[in-house]
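**Q** Dropping the structure in here first, questions after.
In our numbering, the protein residues as written are 39 to 276.
What follows is the structure, encoded as structure tokens:
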């Protein structure tokens with residue numbers, strides 16, 4: 039179960055979220071309700087649709103500092119019916135400079151996508167993180183580029199994990215990673231990079247795939263699942 043607000047060392051890290059620490063100088067990562075310099079996101083509209091293969095949740099949102107709008111976004115979550123051993127979630131986020139120019143700053147507090155894993159999975163405990171180059175642990179993975187990252191560990195009597203795939207068309211692909219032994223897991227192309235200006239009326243889109251899987255990286259075949267993501271379905275002749 040998710041901890042109540044205020045519990046734990048980073049209470050704003052809740053499951054799977056979209057947040058960012060430097061939007062026009064405003065911190066939209068840490069939650070500090072009603073404090074100057076800290077942002078919030080308000081949902082303006084939401085729709086849910088489905089077919090035989092997937093469920094789609096789409097929403098329109100506005101980012102604020104207090105009552106001052108910073109930017110808006112459209113986001114889509116598509117969850118595929120893919121069987122018990124792995125769930126496949128595609129995420130698309132379109133950022134829109136609809137309230138003036140937007141500067142996305144150099145910060146390790148990003149994002150936009152981030153996951154906080156179950157404490158039993160933490161790499162500081164019995165879990166492990168592994169990137170596309172085979173590097174492990176926080177020292178080997180934090181702030182370094184990789185096409186994907188997997189974070190797995192024990193959950194009850196099983197081993198389970200989350201893999202995040204960076205889309206090849208994403209800005210600054212392959213992304214660097216803000217990934218911590220205490221359970222934070224985020225593709226972050228902003229850290230130690232120049233600020234990025236989105237002019238008024240401009241937009242940029244990010245896409246990721248999240249695989250929620252049983253087993254470790256090899257057992258879940260994460261490397262080949264990434265190739266399926268970037269290359270599409272493949273036919274293998276026996």
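Here a beta-carbon is modelled for each residue, glycine too, at the ideal position from N, C-alpha and C.
1. Rounded C-beta distance between residue 184 and residue 228? I'm assuming under 8 angstroms.
2. Give the secondary structure of residue 87 by DSSP, where H, G and I count as helix, E and B as strand, and everything else as coil.
3. In the DSSP output, what is residue 129 paired with across the bridge?
4. So, helix, strand or coil for residue 267, using DSSP?
5. For the alpha helix (DSSP H) containing residue 176, list its first residue and its last residue.
6. What residue range does the beta strand (DSSP E) around residue 140 cover?
7. Relative to the alpha-carbon of residue 247, which residue among 234, 260 and 204 has its alpha-carbon at the smallest distance?
8. Per DSSP, residue 225 forms a beta bridge with which residues?
9. Count the other C-beta atoms from every protein chain shown that fall within 10 angstroms of the C-beta of residue 123, then say buried if there are 16 or more, exposed otherwise.
10. May I ask you to report which of helix, strand or coil DSSP gives residue 169?
11. Out of 156, 138 and 112, which has the shortest C-alpha to C-alpha gap to residue 61?
12. Taking just the CA atoms, how far does residue 264 sit from residue 153?
13. Would you tell me roughly how many angstroms separate the C-alpha atoms of residue 158 and residue 175, rounded to the nearest one?
14. On the CB-based measure, 16 or more other CB atoms within 10 Å of its CB, does residue 141 come out buried or exposed?
**A** Taking the structure as given:
1. 16 angstroms between Cβ atoms; not a contact.
2. strand
3. 115 and 246
4. helix
5. 175-179
6. 140-142
7. 204
8. 215
9. exposed
10. strand
11. 138
12. 18 angstroms
13. 15 angstroms
14. exposed
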